[in-house]
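From first to last, the protein sequence lines stand for chains A and B. Numbering of the first sequence is given in our numbering, commencing with residue 1 and proceeding in unit increments. Numbering of the second sequence is given in our numbering, commencing with residue 221 and proceeding in unit increments.
Number of protein chains: 2
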Amino acid sequence: MESSPRGRRPATSREDVARAALALFSRQGFEATTVDEIASEVGISRRTFFRYYQSKSDAVWGAFDAELARLDRLLSEAPDEEGLMQVLRRAVVETNRFNEEQLVDLRLRMSLIRSVPTLVAHSAVRYEEWCDVVARFAARRLGGRPTDLAPQTLARAALGAAMAAFEEWTRRDDGDLTEVVDQALALLATGFDEDRLKGQPLGGDGARIGDKYLQGGEPP
Amino acid sequence: MESSPRGRRPATSREDVARAALALFSRQGFEATTVDEIASEVGISRRTFFRYYQSKSDAVWGAFDAELARLDRLLSEAPDEEGLMQVLRRAVVETNRFNEEQLVDLRLRMSLIRSVPTLVAHSAVRYEEWCDVVARFAARRLGGRPTDLAPQTLARAALGAAMAAFEEWTRRDDGDLTEVVDQALALLATGFDEDRLKGQPLGGDGARIGDKYLQGGEPP
DNA sequence: GACATTTTGGCATTGAGTGCTATAAATTGA
DNA sequence: TCAATTTATAGCACTCAATGCCAAAATGTC
């Protein structure tokens with residue numbers, strides 16, 4: 001099947017390195033873990049670690065690239081009849097459907113990403129790639145270039161919604177990730193109109209937005 | 221007037237350090253500028269630089285803390301009758317009203333922040349503080365805690381809109397910052413509904429949203 | 001076995017950031 | 001004027017991430 005690989009075989013894989021790194025991070029903390037430790041855990045040299053991941057932070061992001069590609073595909077393949085926000089909502093929810101094992105890992109990753117300052121910082125770089133994908137989609141739908149105000153605003157706002165959903169999901173130990181993501185994006189589509197938020201029913205499952213999104217809100 | 225300061229006088233000020241740093245960054249680039257250079261430019265030691273700013277990146281953020289406090293005040297003092305998004309929109313626009321001299325600096329700062337990866341990363345940390353302020357406001361208005369999904373989604377989405385506005389303003393050399401910020405937040409309040417985006421008039425100045433926000437969008 | 005290819009390891013270097021300690025400069029009070 | 005106190009600074013040592021460079025190891029090919 002595979003064309004014969006020519007030179008020396010890799011001593012390990014990106015996956016194994018990420019696994020070892022994540023284990024160490026969760027055991028002794030991100031900052032307290034040095035690259036040397038990760039490297040020696042996997043049996044490679046420090047120098048080689050940096051050939052697998054550009055930075056210590058990058059090791060936390062696992063297969064994010066693949067997820068991005070999937071989001072891009074989902075957004076591109078959506079039928080034109082389906083509305084802008086509806087496609088976006090469905091695509092983002094879909095890319096966040098994981099099995100139990102993946103979810104355990106993801107929860108660990110996300111809790112690191114949102115609590116360790118170094119990783120909070122680094123996340124901005126990775127999330128920018130996510131925004132680019134969404135902005136390109138928005139530009140196709142709205143017209144204009146991906147760098148224009150409308151696509152950029154939509155992309156960054158959608159990112160914000162997704163981040164809020166992740167944070168909510170990470171903080172609470174129960175709850176379905178896809179459901180929270182769906183709620184956040186639905187919320188975004190309301191334009192945060194107070195009337196719609198507090199009372200009116202929303203299409204789709206017919207639930208009142210207020211029932212699901214406003215924990216402390218009393219009816220007017 | 222001032223109570224007499226007790227010990228040795230500071231050799232410089234945060235403002236002067238920031239000014240020198242910014243000048244060097246703009247001349248030779250952020251990465252190519254070392255903390256030693258900045259320090260010696262201001263006539264202090266490297267060690268002392270880190271007593272003025274926690275990191276090299278922080279020097280780019282000038283008086284961001286003051287801006288945050290102002291936003292907080294504007295959001296707190298708004299009348300209850302004024303709608304959620306209207307208050308937010310007005311407050312964010314207001315905190316971004318600067319004079320010509322400040323705008324020159326700001327343009328430089330923002331162009332660094334959005335183009336230098338290290339600063340893109342660091343921005344996430346500072347922007348989180350901004351989100352906290354908005355989330356607290358949203359929680360007061362919507363009920364519940366600032367960490368709940370709705371306030372968090374609104375805060376992060378609003379941040380996204382503001383960032384998109386800054387990016388647009390920084391990229392184009394003309395254009396009024398407050399106007400672009402206002403447009404982005406108005407856009408957010410539409411919920412990105414395609415019908416509203418492409419045709420319907422919006423309250424306030426009565427302009428069609430499509431006229432202002434969609435450069436390439438043709439009427440349906 | 002010679003050769004090309006790919007990965008790895010080690011070394012040196014740069015530069016950010018931190019902890020510690022001594023010193024300089026300023027006010028206050030006797 | 002001198003001592004005590006207070007605050008800011010300078011300098012040193014150290015850790016650690018990240019990068020460039022080059023030699024060595026491992027593998028397939030001819």
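Note that the Cβ used here is the ideal one computed from N, Cα and C, for glycine as well.
Extent of the continuous alpha helix (DSSP H) to which residue i belongs
{"i": "tyrosine 52 (chain A)", "result": "46-52"}
{"i": "phenylalanine 412 (chain B)", "result": "Unbroken run through phenylalanine 412 (chain B): none, as it is neither H nor E."}
{"i": "arginine 247 (chain B)", "result": "234-248"}
{"i": "alanine 355 (chain B)", "result": "337-362"}
{"i": "aspartate 256 (chain B)", "result": "255-262"}
{"i": "threonine 170 (chain A)", "result": "149-171"}
{"i": "phenylalanine 64 (chain A)", "result": "64-77"}
{"i": "glutamate 82 (chain A)", "result": "From DSSP, glutamate 82 (chain A) is part of no alpha helix (DSSP H); its letter is neither H nor E."}
Whole-angstrom C-beta distance between residue j and residue i, which should lie under 8 Å
{"i": "leucine 369 (chain B)", "j": "alanine 165 (chain A)", "result": "7 Å"}
{"i": "valine 262 (chain B)", "j": "aspartate 236 (chain B)", "result": "6 Å"}
{"i": "arginine 156 (chain A)", "j": "cysteine 131 (chain A)", "result": "6 Å"}
{"i": "glutamate 414 (chain B)", "j": "leucine 84 (chain A)", "result": "5 Å"}
{"i": "valine 180 (chain A)", "j": "leucine 154 (chain A)", "result": "No, valine 180 (chain A) and leucine 154 (chain A) are not in contact; Cβ-Cβ is about 20 Å, not under 8 Å."}
{"i": "leucine 197 (chain A)", "j": "leucine 291 (chain B)", "result": "Actually they are not in contact, since the Cβ atoms of leucine 197 (chain A) and leucine 291 (chain B) sit about 22 Å apart, beyond 8 Å."}
CB contact flag (residue i, residue j, <8 Å)
{"i": "glycine 380 (chain B)", "j": "leucine 159 (chain A)", "result": "yes"}
{"i": "valine 120 (chain A)", "j": "arginine 126 (chain A)", "result": "no"}
{"i": "histidine 342 (chain B)", "j": "serine 277 (chain B)", "result": "yes"}
{"i": "glutamate 349 (chain B)", "j": "leucine 408 (chain B)", "result": "no"}
{"i": "leucine 165 (chain B)", "j": "asparagine 316 (chain B)", "result": "Summary: the structure shown does not reach residue 165 (chain B), with chain B confined to residues 221 through 440, and so no result is reported for it."}
{"i": "leucine 326 (chain B)", "j": "valine 307 (chain B)", "result": "no"}
{"i": "alanine 454 (chain B)", "j": "arginine 365 (chain B)", "result": "Within the shown structure, residues of chain B are numbered from 221 to 440, placing residue 454 (chain B) beyond reach of any answer."}
{"i": "serine 111 (chain A)", "j": "threonine 147 (chain A)", "result": "no"}
{"i": "arginine 6 (chain A)", "j": "tyrosine 52 (chain A)", "result": "no"}
{"i": "alanine 231 (chain B)", "j": "isoleucine 264 (chain B)", "result": "yes"}
{"i": "alanine 162 (chain A)", "j": "alanine 344 (chain B)", "result": "no"}
Status (buried if at least 16 other CB within 10 Å, exposed otherwise) for residue i
{"i": "glutamine 200 (chain A)", "result": "Unreliable placement is indicated for glutamine 200 (chain A), whose pLDDT of 42 sits below 50; the coordinate value is still reported in the next sentence. So glutamine 200 (chain A) ends up on the exposed side."}
{"i": "glycine 62 (chain A)", "result": "buried"}
{"i": "aspartate 402 (chain B)", "result": "buried"}
{"i": "asparagine 99 (chain A)", "result": "exposed"}
{"i": "proline 117 (chain A)", "result": "exposed"}
{"i": "arginine 309 (chain B)", "result": "buried"}
{"i": "glutamine 28 (chain A)", "result": "exposed"}
{"i": "alanine 259 (chain B)", "result": "buried"}
{"i": "proline 79 (chain A)", "result": "exposed"}
{"i": "proline 440 (chain B)", "result": "Residue placement at proline 440 (chain B) is flagged as unreliable, the pLDDT there being 33, under the threshold of 50; a coordinate-derived value is accordingly withheld."}
{"i": "glutamate 438 (chain B)", "result": "With a pLDDT of 33 at glutamate 438 (chain B), under the threshold of 50, the modelled position of this residue cannot be trusted, and the question is left open."}
{"i": "arginine 274 (chain B)", "result": "At residue 274 (chain B) the sequence reads glutamine, which differs from the arginine that was named. By the neighbour-count rule (16 or more Cβ atoms within 10 Å), glutamine 274 (chain B) is not buried but exposed."}
{"i": "proline 371 (chain B)", "result": "buried"}
{"i": "alanine 286 (chain B)", "result": "exposed"}
{"i": "arginine 329 (chain B)", "result": "buried"}
{"i": "glycine 423 (chain B)", "result": "Unreliable placement is indicated for glycine 423 (chain B), whose pLDDT of 38 sits below 50; the coordinate value is still reported in the next sentence. Classification of glycine 423 (chain B): exposed, given that the 10 Å Cβ count is below 16."}
{"i": "arginine 9 (chain A)", "result": "exposed"}
{"i": "alanine 91 (chain A)", "result": "buried"}
{"i": "glutamate 387 (chain B)", "result": "buried"}
{"i": "alanine 240 (chain B)", "result": "buried"}
{"i": "arginine 267 (chain B)", "result": "exposed"}
{"i": "alanine 252 (chain B)", "result": "exposed"}
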